[in-house]
Amino acid sequence: MIAALTLDLDDTLWPVMPTLLRAEAALQDWLRTHAPATATAFDVPTLQRLRGEVARRHPALAHDMTTLRLITLREALTTSGDDPALAEPAFTVFFAERQRVQWYADVRPALERLAARFPLLALSNGNAELAATGLSAYFVGAVSARGCGVAKPAPRIFEVACAELRCTAGQVMHVGDDWRLDVVGARQAGLHTAWIRRPEAALHHGPASPAEDAAPPGQHLHLDDLLALADALGA
């Protein structure tokens, strides 16, 4: 029944928060040297709050984290009296560090097994670049919210992914960690799903609610990691 897999990236293949914290720290170090007034006025929490405000003012850009971060940096630089043209090199520093992910231990051996059995397509709302993460060899391609113009859980992004794979929705299983974005979104688009709810993530977020226990119709797997997924799919 399953002919191909789409896989979420952040918090499915690697924990995203440590990566973002390192990237934010690298950005602050760069600002202290090149835009000290901005670094003084906008520490990490203050810059995060500004980014939230920017996102609320630009709902049409909800799918484009890169552009939202660039707008945020330009506003912070301008407010502080620094050159707003520094937003681009500042973002380059952040973005380079954002690609330095640390995979979960099961990811590489699981992807080796899964890629030998199925074409794998990355499907992410984030702005990680697959090639830079060191995992591109296992994937036939990638679909991002920014490139698609819409983010999960919108059906359109799943439709684009299925078209990229040259499969119908009923032939594809989407794999991800987020119940609403990955499971509900994919099922509403007609895909099958695998919810990867790692024990450490479940501990952090608390127990599943009754609504989370009831998947939409279709084949749905609830697993601890990607090796369990490979086992379940006979890969």
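To convert, count from 1 in the sequence shown and add 5; that's this note's numbering. No residue lacks a Cβ here, since even glycine has one placed at the ideal position from N, Cα and C.
Starting from residue i, follow its DSSP beta bridges and name the residues at the other end.
| i | result |
| --- | --- |
| V165 | Note: V165 sits in no beta bridge, so no partner. |
| T1 | Residue 1 falls outside the range modelled here, since the chain spans only 6 to 240, and no answer is possible. |
| V148 | L128 |
| A9 | V177 |
Select from the options the residue whose C-alpha is nearest the C-alpha of residue i.
| i | options | result |
| --- | --- | --- |
| L5 | T72, A95 and D236 | Because the chain here runs from 6 to 240, residue 5 falls outside it and cannot be looked at. |
| L140 | L12, A8, V49 and M6 | L12 |
| F47 | G86, M6 and A142 | G86 |
| R171 | F123, L232, R54 and D15 | F123 |
| Q176 | L196, P20 and A115 | L196 |
| I162 | G190, F144 and L135 | G190 |
| A16 | D230, D236 and A235 | With the sequence shown as reference, residue 16 is identified as Asp, and Ala is not the correct amino acid for it. Nearest C-alpha to D16: D230. |
| L226 | T138, A235 and A199 | A199 |
| T71 | G181, S149, M22 and R203 | S149 |
| L14 | L66, T173, L73 and L125 | L125 |
| A44 | R202, T24 and L91 | L91 |
| A67 | G239, A121, V180 and C153 | C153 |
| A137 | R151, A115, A101 and L73 | A101 |
| T51 | F144, A81, A235 and A168 | A81 |
Count the other CB atoms within 10 Å of the CB of residue i; is the residue buried (16 or more) or exposed (fewer)?
| i | result |
| --- | --- |
| G131 | buried |
| P20 | buried |
| Q6 | Strictly speaking, residue 6 in this sequence is Met, with Gln absent from that position. Per the 10 Å Cβ criterion, exposed. |
| A178 | With the sequence shown as reference, residue 178 is identified as Met, and Ala is not the correct amino acid for it. By the 10 Å Cβ count, M178 comes out buried. |
| R103 | buried |
| L128 | buried |
| L26 | exposed |
| D69 | buried |
| A142 | exposed |
Specify the secondary structure class of residue i as computed by DSSP and reduced to three states.
| i | result |
| --- | --- |
| D15 | strand |
| L140 | coil |
| Q53 | helix |
| R61 | helix |
| V98 | helix |
| V21 | helix |
| C153 | helix |
| L116 | helix |
| Q1 | The structure shown does not extend to residue 1, since the chain is modelled only from 6 to 240, so the question has no answer here. |
| G239 | coil |
| G190 | helix |
| D48 | coil |
| R171 | coil |
| P215 | Legend: pLDDT at P215 = 46, less than 50; position of this residue unreliable, value from coordinates given subsequently. Helix at P215. |
### Query
Is there contact between the stretch 37-57 and the stretch 100-115, where contact requires at least three CB pairs shorter than 8 Å?
no
### Task
Determine, using beta-carbon pairs with one atom in the stretch 176-187 and one in the stretch 143-161, whether at least three such pairs fall under 8 Å.
yes
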